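Numbered by mature numbering (1 follows the signal peptide of the UniProt record, and there is no 0), the letters in the sequence shown go through residues -26 to -1, 1 to 148 in order.
Backbone N, C-alpha and C fix where the C-beta goes; we use that ideal spot for every residue, glycine too.
Being a predicted model, the structure only gives us computed values, none of them experimental.
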Amino acid sequence: MTLLIRLLPICAFALASLILVSAALAQEGDEPGSLEEWEEDVEEPDTELTAPLEQQEELRRAPRSGELSSRPGTIAVLRGLDKVTARTRDFEVNVGESYRFGALDITVRYCRRRPPEEPPEVFVFMEINDQRTDGFGTADEGLRLFSGWMFASNPALNALDHPVYDVWVIDCRS
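This is the structure:
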């Protein structure tokens, strides 16, 4: 047993040396080729990577074949909730026009829907004003309640804060 313990390090060293020598001999057979052989294997560089900066910007902006792009919509589909009556109503507002929902005056400035190959999202930039009367039928100046972006996937991210009405985005159509 003691002889085996003494011979174990020697056997391990011999085995490791044998593995290293065989690996070195296997590499000696492969001679590197000449410079001409290497040049034949080189592919042409991609024009997008080697073009001047001005051309790279144009290449980036140009639509690729089969690529879809999103365009601004012309009609925003919104949903309004009257919290007093608990009724909802869907309505369409043309971009640049206003819509009256209860005491709210909703003006859509911009809407866009992402293309189908991207994660679905609809976003609308709108302004909402409160058009209440003074109690005697005379309209007060409109108080700006909201001005900003609303997202269909997450209405609470940037929501209208009003005690009677809620408004959120449903869709954007062309």
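### Message
Quick check: the Cα distance between PRO93 and LEU55, rounded to an integer number of angstroms?
### Response
Counting from 1 along the sequence shown, the entry for residue 93 is found at position 119. Counting from 1 along the sequence shown, the entry for residue 55 is found at position 81. Cα-Cα distance, rounded: 27 Å.
### Query
To the nearest angstrom, how far is it from the Cα of ARG74 to the Cα of ILE80?
As a working mapping, residue 74 is identified with position 100 in the sequence shown. As a working mapping, residue 80 is identified with position 106 in the sequence shown. Straight-line spacing of the CA atoms in ARG74 and ILE80 works out to 6 Å.
### Which listed residue (PHE97, ALA77 and LEU117) has its alpha carbon closest to that of PRO46
Start at 1 with the first residue of the sequence shown, and residue 46 comes out as number 72. The option with the nearest alpha carbon to PRO46 is PHE97.
### Message
Short of 8 Å in beta carbon distance, which residues of its chain neighbour VAL69, apart from the five on each side in sequence? Order them along the chain.
### Response
Translated into the one-based positions of the sequence shown, residue 69 becomes position 95. Contacts found: PRO46, GLY47, THR48, ILE49, ALA50, VAL82, ARG83, TYR84 and CYS85.
### Message
Within a Cβ cutoff of 6 Å, which residues of the same chain sit near LEU78, ignoring the five residues on either side of it in sequence?
### Response
By 1-based counting over the sequence shown, the position of residue 78 is 104. Taking C-beta separations shorter than 6 Å and ignoring five residues to either side along the sequence, the partners of LEU78 in its chain run ILE102 and TYR139, following chain order.
### Query
Helix, strand or coil: how does DSSP classify PRO90 here?
As a position in the sequence shown, residue 90 is number 116, starting the count at 1. If DSSP states are grouped into helix, strand and coil, PRO90 belongs with coil.
### Message
Assuming ASP56 is part of the beta strand (DSSP E), what are its boundary residues?
### Response
As a first step, residue 56 is located in the sequence shown; it is residue number 82 there, counting from the start. Unbroken beta strand (DSSP E) run through ASP56: 49 to 56.
### Task
Note down, in chain order, each residue of its chain lying with its Cβ closer than 7 Å to the Cβ of LEU119, except the 5 sequence neighbours on either side.
Within the sequence shown, the letter at position 145 stands for residue 119. Excluding sequence neighbours, LEU119 sits near ILE102, ASN103, ASP104, LEU134 and HIS136.
#### Entry: Closest by C-alpha distance to GLU117, when choosing among ALA126, ARG106, TRP123 and SER127
Start at 1 with the first residue of the sequence shown, and residue 117 comes out as number 143. Note that residue 117 is Leu in the sequence shown here, rather than Glu. The shortest Cα separation from LEU117 among ALA126, ARG106, TRP123 and SER127 belongs to ARG106.
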